[in-house]
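Here is the structure we will look at.
Residue numbers (mature numbering (1 follows the signal peptide of the UniProt record, and there is no 0)): -20 to -1, 1 to 828.
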């Protein structure tokens, strides 16, 4: 409806031309007149909502609509207007600022209406004459700049109307972020911070208290919708979720208000962000009390958080513990006394002052009957206590004051004032606007005044908390501050210990949808709910989260693993067969014992080398076999301890070569047994091919083949230390990588081939006469050897970590002990315990 009024009035204000004799220019519509005015060389405009509402008539579109009638006197607007008048008077009395120039003012009532606001703004710009003959209906602007309006929606309509004329509009209370858009509002400036900063400050304050689950109510106009949009944007960046964001306007129907009430009552959040003004909350308080909506933690904007009348109305403490942002306290010397010294009979604009005085003291100047008190005009303001006598909004009065001084300093600069200012010179609007945007000065109280590129001042707020005093009344207590000009976390300071929360809580209440996830877990958003509602999922193995409310778990680096609590990456346990652990100690002891036992047997054989049993069993091969067995026992030690380059190459090659020497010796002994019986046949001279030299050469040849295999293996792809990370995730297995698997299996296969060949030959010779036959012992030893190594293959492949090495050592020791015990223990038994059988006669007579 208001937009239709604006359109109609602007259409009615279009200049009509009639060409020919008697050309007349008529500005259609009833002219508007200022409520307060004063002549001067340069006029400052003022637009304030002296009334908070209006009456409209039905539109017939047949006749010009009547001017809307304003109702509901607002005392605050009188305070704002007196701040403008005070500043003008102070400047006129100054000898340094605009000397020789007198400022005047014209102050209009916008009636809190965008329609009326746009109309009276156009009146200020173009004048209110009824007709001008033979002239176009435009003239230089009556005013240099306009102070106002209080409400953002009205300021938007005014700024759009006068923007094309480059007339500055300086608002003291319009905070909508949208007004910072210089493309739409090129001539709008303000002395109050934009809601962009207020929204971010509110979001940061909510985050500072640890609240992530909140509700919101917003005024259903540009102020509320724009401010809430900025808050939601900042809240999302800070991880704050809104359960609801409800629009509200005091003209809503009861059914719509009831739906709002039901939604708030059914919500789980206990914080309400109130992007409303004082009039909205005044209409909401009775509704909230009726439906018992209490105990909520309110967070408010500067539009209501510092309103004493609202605090007085809140008899049921609906807003108890409210916390929010307010314009910092300020002082303008002499302003309070000026406002409270107001007199209707000495003030210009007696009609509005008459209405004001009658409402202030509940009296009448022109009495019609004796039912009311007569007004004298000399009533004392000290005897009343109401909105007008309340000076808590001094920061807003100061905003009006700074706006007037910004105009004066800009004029002083453009007019080139020195000792005096030229009275016949007035800057054009565009030049004045550009200079006004660059103005920078200090007030008499030392406050810096300037505008940024968007026409906004620096954002500074006090954080206000509603306390209950001993008389059970609300008090406004400053508990912190916000300064956008400071960097980092310094721009927000809150003294939490001095805050009184809702429901008389002394500690910061916890308002979250889900409890914080501790370190070691991550957040998983609940399906269909905002991100603030989540479950805490433990991190997987190998992953950690060391912060509260981690969104995801971090993978530990390759050599690290998560601890049991999943909140720290610790170095993985390194596993290898160590000399210090029980298994390593036992295997070392067995290896050394085997080597020691072999050397003992060698000593026994050496001491009895001339006895028949030693000679009969090829003593040279026996000693070589004992030497190689000693090496076999000792080579198992290379498998124990932390793998290194040299140990990895040595362990397999030493094992391969020493075992080939052993099997070669056993093979030589077997061949000697077989050939010895072949030599007993008539005419046989086969033994000449199996003498000591041939035996040595055969052992050397078999061993050389293995050496060549090992050299090729070490040359092409040698074994190397390797961190096995695949078998166990939680630990690192240090092992020797074979390098070339083919090389390893070639070494092992060659040993197996010789062992199998030796086993077959010994098996064939097992039933020869026992006198010189040790083939059955060799057969048994080879049977054990082959069984051990055939069992080793699947065990080696399937054993994890250090047990792979243990299996290989066990196979080496088992096969070595098998050879040692099967071949040499029977002979040691005869040498030591049955020396009477160790004779040539016994050797020639019957089997051992």
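The beta-carbon is built from N, C-alpha and C at its ideal position, and this holds for glycine as well.
These numbers were taken from a predicted model, which means no experiment stands behind them.
Pull up the distance between the alpha-carbon of residue i and that of residue j, whole angstroms please.
| i | j | result |
| --- | --- | --- |
| residue 277 | residue 253 | 9 Å |
| residue 422 | residue 429 | 6 Å |
| residue 466 | residue 386 | 24 Å |
| residue 578 | residue 609 | 7 Å |
| residue 626 | residue 496 | 54 Å |
| residue 357 | residue 16 | 18 Å |
| residue 391 | residue 309 | 28 Å |
| residue 799 | residue 805 | 10 Å |
| residue 474 | residue 463 | 12 Å |
| residue 261 | residue 352 | 32 Å |
| residue 574 | residue 565 | 14 Å |
| residue 286 | residue 545 | 49 Å |
| residue 723 | residue 582 | 33 Å |
| residue 607 | residue 709 | 43 Å |
| residue 803 | residue 817 | 17 Å |
| residue 659 | residue 811 | Residue confidence for residue 659 is low, a pLDDT of 49 falling below 50, so the modelled location carries little weight; the figure read from the coordinates is stated next. Cα to Cα, residue 659 sits roughly 28 Å from residue 811. |
Should residue i go down as buried or exposed, given a rule of 16 or more other Cβ atoms within 10 Å for buried?
| i | result |
| --- | --- |
| residue 114 | At residue 114, the pLDDT of 42 sits below 50, so the modelled position is not reliable; the number obtained from the coordinates is stated separately. When all chains shown are included, residue 114 counts as exposed. |
| residue 360 | exposed |
| residue 569 | exposed |
| residue 233 | exposed |
| residue 424 | exposed |
| residue 70 | buried |
| residue 375 | buried |
| residue 124 | buried |
| residue 418 | exposed |
| residue 889 | Residue 889 is absent from the model: the chain starts at -20 and stops at 828. |
| residue 777 | exposed |
| residue 780 | exposed |
| residue 729 | exposed |
| residue 733 | exposed |
| residue 437 | buried |
| residue 346 | exposed |
In chain order, what residues of the same chain have a beta carbon less than 6 Å from the beta carbon of residue i, not counting five sequence neighbours either side?
| i | result |
| --- | --- |
| residue 105 | 121, 142, 145, 147 |
| residue 702 | 715, 717 |
| residue 307 | 282, 375 |
| residue 159 | 165, 168 |
| residue 316 | 371 |
| residue 434 | 160 |
| residue 140 | none |
For a test of the three-state rule: what should DSSP assign to residue i, helix, strand or coil?
| i | result |
| --- | --- |
| residue 13 | coil |
| residue 550 | strand |
| residue 515 | strand |
| residue 222 | strand |
| residue 203 | helix |
| residue 715 | strand |
| residue 432 | coil |
| residue 89 | strand |
| residue 278 | strand |
| residue 27 | strand |
| residue 527 | coil |
| residue 640 | helix |
| residue 463 | strand |
| residue 229 | coil |
| residue 819 | coil |
| residue 395 | coil |
| residue 140 | helix |
| residue 457 | strand |
Suppose the cutoff is 7 Å on Cβ atoms and the five residues either side in sequence are ignored; what does the same chain contact list for residue i look like?
| i | result |
| --- | --- |
| residue 637 | 683, 686, 687, 690 |
| residue 791 | 768, 769, 772 |
| residue 249 | 193, 194, 195, 223, 491 |
| residue 382 | 171, 423, 429 |
Please go through the same chain and pick out, in chain order, the residues whose beta-carbon is closer than 8 Å to the beta-carbon of residue i, but skip the five residues on each side of it.
| i | result |
| --- | --- |
| residue 623 | 556, 701, 702, 714, 715, 716 |
| residue 364 | 340, 341 |
Checklist entry - Do the segment 527 to 544 and the segment 559 to 575 make contact, defined as three or more Cβ pairs closer than 8 Å? => result no
Next on the checklist: With a threshold of 8 Å, are at least 3 pairs of Cβ atoms found where one atom belongs to the segment 477 to 484 and the other to the segment 430 to 449?
Outcome noted: Yes, the segment 477 to 484 touches the segment 430 to 449.
Item to check | Cβ contact check for the segment 449 to 460 and the segment 282 to 301: 3 or more pairs under 8 Å | outcome: yes
Checklist entry - Does the pairing of the segment 498 to 507 with the segment 196 to 208 give three or more beta-carbon distances under 8 Å? => result no
Next on the checklist: Any contact between the segment 515 to 530 and the segment 674 to 681? By contact I mean 3 or more CB pairs, one from each, below 8 Å.
Outcome noted: no
Checklist entry - Does the segment 75 to 83 come close enough to the segment 393 to 402 to have 3 or more Cβ pairs within less than 8 Å? => result yes
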